[in-house]
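Colleague:
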Amino acid sequence: MFERVAGLDIGKATLTVCVRTPGPRGRHSEMRTFPTTTRALEVMREWLVECGVTVAAMESTSTYWKPAFYCLEEVMDTWLCNAAHIKAIRRPKTDVKDAEWIAQLLEVGLIRPSFVPPPEIRRLRMLTRYRVQLMGDRTREVTRLELMLEDASIKLSSVAASLTSVSARAMLTAMIAGERDPAVLADLAKGKMRIKIPQLVEALTGHFTEEHTQLARTMLHRLELIETALAELDAVIDQACRPWAHQLELLQTIPGVGPKVAQVILAETGGDMSRFPSAAHLASWAGLAPGVFESAGKRRQPEAQHGNKWLTAMLVEAAGSVGRMKGRNYLSAQFTRLTARRGMSRAAVAVAHSILVCVYYILSRDEPYTDLGADWLARRHDEAHARRLVAQLERLGHTVTLDQPAA
0 MFERVAGLDI GKATLTVCVR TPGPRGRHSE MRTFPTTTRA LEVMREWLVE
50 CGVTVAAMES TSTYWKPAFY CLEEVMDTWL CNAAHIKAIR RPKTDVKDAE
100 WIAQLLEVGL IRPSFVPPPE IRRLRMLTRY RVQLMGDRTR EVTRLELMLE
150 DASIKLSSVA ASLTSVSARA MLTAMIAGER DPAVLADLAK GKMRIKIPQL
200 VEALTGHFTE EHTQLARTML HRLELIETAL AELDAVIDQA CRPWAHQLEL
250 LQTIPGVGPK VAQVILAETG GDMSRFPSAA HLASWAGLAP GVFESAGKRR
300 QPEAQHGNKW LTAMLVEAAG SVGRMKGRNY LSAQFTRLTA RRGMSRAAVA
350 VAHSILVCVY YILSRDEPYT DLGADWLARR HDEAHARRLV AQLERLGHTV
400 TLDQPAA
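Note that numbering that gives the first Met the number 0 has the sequence shown beginning at 0, numbered continuously upward.
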């Protein structure tokens, strides 16, 4: 299928390249090994161009594939392939054999490329993923602070909604400064927290030592650094997203999808739905497609689906916020209905799948989200809904007769 191809086996320090070209006695293979430095990769690229290579393939090995991929994508068709597809057939394992095997599979069309977004989306994706990591750091630091206060018998987290609120930080700052009187500390509460002053007095009575003071000071300082970094990163991401302002505005019409969720959806999918044949393909790529495993006529619970963990996590988080809307739209009604039958975790994944399907059609058709209504499921199956209501009344001992409405 491809006359002149190259297969790359990539490591951290070196990569092995196999070039397959036509020869006088059939296909000819030539091997070379290069360092993974920028200059060495440029030499490799020049060699592949001289050989007339039109397609190059490589495995997705950690993040080591990125320099080679970025170097080659400028001059030829470059494929990033799933390692599981390449390793499906057992063979002798060496770097040279791996590179040759990739080239052989490529030339006969037995592997397919994975989705790699264009450079501008890759840069945006790097920013949004780092923001998620910073948010995780903030959560872990707040957890450490809460555990330290528990050790000091300070139950502030049982009364305050968050240890990062203005009132909680004012109390912690005063404790670090040496204040130990619970009444004085509780009086630092602001806004709605002031109605909880009696509970705060009890919660702030404990054994806050000098060691706890040092730890609290360090943890609050780390929290301030993380929050400053997050604020700066938010500004950078907002600036980077300006070319896609229209798509972000459309995505935020979906219930539960705010600015940050919309930015992650754009960064992970690229915003171009033409790369995915259908909404089902997009859901499968993200890892939100329901798995099916059937053997001997019996269906079993399939293993967890592999996919884009960054996109899936953000969509599940958005589904959780939809579940708190209490039947105000179709997605929240779906969440409530599935929670009663399958539990909250499965309901969140199912609603995340529905949100992703909405994303596909919104970006494909360039139109905002249109809600079906919280009662759509009941209206869709009016007869089944009527039978359920009749059954409920009959279980209570009533006799029900249904009259058809006049035409």
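Backbone N, C-alpha and C fix where the C-beta goes; we use that ideal spot for every residue, glycine too.
Could you tell me which uninterrupted beta strand (DSSP E) segments, each at least 3 residues in length, are contained entirely in the stretch 55-140, listed from first to last along the chain?
Modeller: 76-80
Colleague: Within the chosen definition, does the stretch 271-287 reach the stretch 324-342 through at least 3 CB pairs nearer than 8 Å?
Modeller: no
Colleague: Is DSSP giving C471 helix, strand or coil here?
Modeller: In the structure displayed, the chain extends from 0 to 406; residue 471 sits before or after that span and is not available.
Colleague: Could you check which residue in I85, T93, F114 has the C-alpha nearest to that of D76?
Modeller: The residue given as residue 76 occupies position 77 in the sequence shown. Here the closest residue by C-alpha is F114.
Colleague: By the DSSP assignment, the beta strand (DSSP E) with E29 in it spans what residues?
Modeller: Counting from 1 along the sequence shown, the entry for residue 29 is found at position 30. Unbroken beta strand (DSSP E) run through E29: 25-34.
Colleague: Are T204 and P181 closer than 8 Å when you measure CB to CB?
Modeller: Locating residue 204 in the sequence shown gives position 205, counting from the first residue. Locating residue 181 in the sequence shown gives position 182, counting from the first residue. Yes. Within cutoff.
Colleague: Assess, as a yes-or-no matter, whether the stretch 141-152 is touched by the stretch 104-122 under the definition of 3 or more beta carbon pairs within less than 8 Å.
Modeller: no
Colleague: Name the two residues that bound the continuous beta strand (DSSP E) containing L14.
Modeller: Within the sequence shown, the letter at position 15 stands for residue 14. That run of the beta strand (DSSP E) goes 13-22.
Colleague: Express the C-alpha separation of P254 and G270 in angstroms, rounding to a whole number.
Modeller: Working through the sequence shown from its first residue, we reach residue 270 at position 271. Working through the sequence shown from its first residue, we reach residue 254 at position 255. Whole-angstrom Cα-Cα distance: 19 Å.
Colleague: By the three-class DSSP mapping on this structure, what secondary structure does I264 have?
Modeller: Stepping through the sequence shown from its first residue, residue 264 is reached at position 265. Three-state result, I264: helix.
Colleague: Could you tell me how far apart the beta carbons of A266 and R124 are, in whole angstroms, since I believe they sit closer than 8 Å?
Modeller: Numbered from 1 along the sequence shown, position 267 holds the residue referred to as residue 266. Numbered from 1 along the sequence shown, position 125 holds the residue referred to as residue 124. Their Cβ separation, rounded to whole angstroms, is 4 Å, which keeps A266 and R124 in contact under 8 Å.
Colleague: Measure the alpha-carbon distance for H384 versus Y359 and round it to whole angstroms.
Modeller: Counting from one through the sequence shown, the residue named residue 384 turns up at place 385. Counting from one through the sequence shown, the residue named residue 359 turns up at place 360. When the Cα atoms are used, H384 and Y359 turn out to be separated by approximately 30 Å.
Colleague: What does the Cβ neighbour count give for L314, buried or exposed, with the cut at 16 atoms within 10 Å?
Modeller: Counting from 1 along the sequence shown, the entry for residue 314 is found at position 315. Buried: at least 16 other Cβ atoms inside 10 Å.
Colleague: Per DSSP, what kind of secondary structure is A5 in: helix, strand or coil?
Modeller: Taking the first residue of the sequence shown as 1, we reach residue 5 at position 6. Note: A5 maps to strand in three-state DSSP.
Colleague: Does DSSP put R179 in a helix, in a strand, or in coil?
Modeller: Here residue 179 corresponds to residue number 180 of the sequence shown, with the count starting at 1. Coil, per DSSP.
Colleague: With 16 as the cutoff for other CB atoms within 10 Å, does G15 come out buried or exposed?
Modeller: Mapped onto the sequence shown, residue 15 falls at position 16. A small fix is needed here, since residue 15 is Thr in this sequence, not Gly. Classification of T15: buried, given that the 10 Å Cβ count is 16 or more.
Colleague: Taking only the alpha-carbon atoms, compute the straight-line gap between I264 and S161 and give it to the nearest angstrom.
Modeller: Position 265 of the sequence shown holds residue 264. Position 162 of the sequence shown holds residue 161. If I take the Cα positions, the gap works out to 28 Å.
Colleague: Pairs of beta-carbons, one from the stretch 89-109 and one from the stretch 128-146, closer than 8 Å: are there three or more?
Modeller: no
Colleague: Report, in whole angstroms, the separation of the C-beta atoms of K11 and Y69, which I expect to be a contact under 8 Å.
Modeller: One-based indexing of the sequence shown puts residue 11 at position 12. One-based indexing of the sequence shown puts residue 69 at position 70. Between Y69 and K11 the Cβ distance is about 16 Å, and since that is not below 8 Å, they are no contact.
Colleague: For M0, count neighbouring C-beta atoms within 10 Å of its own C-beta (all shown protein chains included) and say buried if the count is 16 or more, exposed if not.
Modeller: Sequence index remark: in the sequence shown, residue 0 carries index 1 (1-based). That one is exposed.
Colleague: Could you tell me the boundaries of the alpha helix (DSSP H) in which V256 lies?
Modeller: Taking the first residue of the sequence shown as position 1, residue 256 is located at position 257. First-last for V256: undefined, no H or E at that position.
Colleague: If you draw a straight line from the C-alpha of L355 to the C-alpha of I153, how long is it?
Modeller: As a first step, residue 355 must be located in the sequence shown, where it is residue number 356. As a first step, residue 153 must be located in the sequence shown, where it is residue number 154. Straight-line Cα distance between these residues: approximately 43 Å.
Colleague: For D97, I'd like the list of residues in its chain whose CB is within less than 6 Å of its CB, leaving aside the five on either flank, ordered along the chain.
Modeller: For this step, residue 97 is matched to residue 98 along the sequence shown. Taken in chain order, the residues that qualify are D8.
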